[in-house]
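Colleague:
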Amino acid sequence: MKQTFSAETLKSYALTFRAIDRENRGFIDVDQLMEALYLTGVKSDRKTVIGIIQLLEEGTENTMDLGEFVHFMHVCANARTDDVLSVIFYSADFDYTGTINKKKLRKIVSKLGIKMSEEEICEMYQSTADNKDGTISQSMFKALMAELMQ
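Each residue of the sequence shown is one higher than the last, beginning at 1 in the UniProt record's numbering.
1. Which residue's Cα is closest to the Cα of G51: T40, T63 and G41?
2. For the candidate residues N101, S117, I114 and R80, whose alpha-carbon lies nearest to that of residue 162?
3. Report the start-end ranges of each alpha helix (DSSP H) in the stretch 107–137 that is 4 residues or longer and not cut off at the edges.
4. Is the beta carbon of K115 sitting closer than 8 Å to the one on A92?
5. Mind reading off the beta-carbon distance from A79 to Y90? Whole number of angstroms is fine, and I expect it under 8 Å.
6. Which runs of the beta strand (DSSP E) at least 3 residues long sit entirely within the UniProt domain "EF-hand" (8–43)? Give them in chain order.
7. Of all the options E23, L33, G134 and A146, which has the alpha carbon lying nearest to the alpha carbon of V87?
8. Leaving aside the five residues before and after Q138 along the sequence, list all residues of the same chain whose C-beta is less than 6 Å from its C-beta, in chain order.
9. Indicate the three-state DSSP secondary structure (helix, strand or coil) for T99 in the structure shown.
10. Please classify S56 as buried or exposed, where buried requires at least 16 other C-beta atoms within 10 Å of its C-beta.
11. Hey, how far is the Cα of D83 from the Cα of D130?
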């Protein structure tokens with residue numbers, strides 16, 4: 001089932017982002033993100049925050065735009081930050097469905113620096129998909145990632 005944010009939650013995230021982006025650059029950096037987390041009551045250390053940013057951002061500047069910030073807040077709200085595989089799952093779940101499809105798997109494998117051919121990713125995906133719609137559940141994804149990261 002696809003999870004969506006309430007209008008109130010999205011408004012809150014947008015207001016927080018804009019309050020932190022005082023210079024109106026359209027992005028925030030790590031220090032500003034740490035401030036945003038403090039303001040929203042999310043407890044996390046700098047190393048974890050940087051790791052999550054690197055999983056979510058499209059570039060390599062360790063900055064976030066509003067969309068990435070919303071996804072970051074989704075990760076913080078749902079993942080146990082002391083559970084790396086949980087963080088990776090919610091980071092990969094960029095459309096908030098609670099499942100991983102082949103596109104998401106391909107993207108997160110690349111972000112993690114795991115070298116795999118398209119054929120290997122397809123084979124792995126087909127052998128791991130455990131939902132009726134052909135997607136991968138969180139438990140199967142975490143088992144797969146644990147194996148790949150060894």
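Yeah, the Cβ is synthetic: ideal placement off N, Cα and C, and Gly gets one too.
Modeller: Let me lay it out:
1. T63
2. A query on residue 162 cannot be resolved here, the shown segment of the chain reaching from 1 to 150 and no further.
3. 118–128
4. no
5. 4 Å
6. none
7. A146
8. F89
9. coil
10. A quick correction: the sequence has Leu, not Ser, at residue 56. The residue is buried, with at least 16 neighbouring Cβ atoms inside 10 Å.
11. 22 Å
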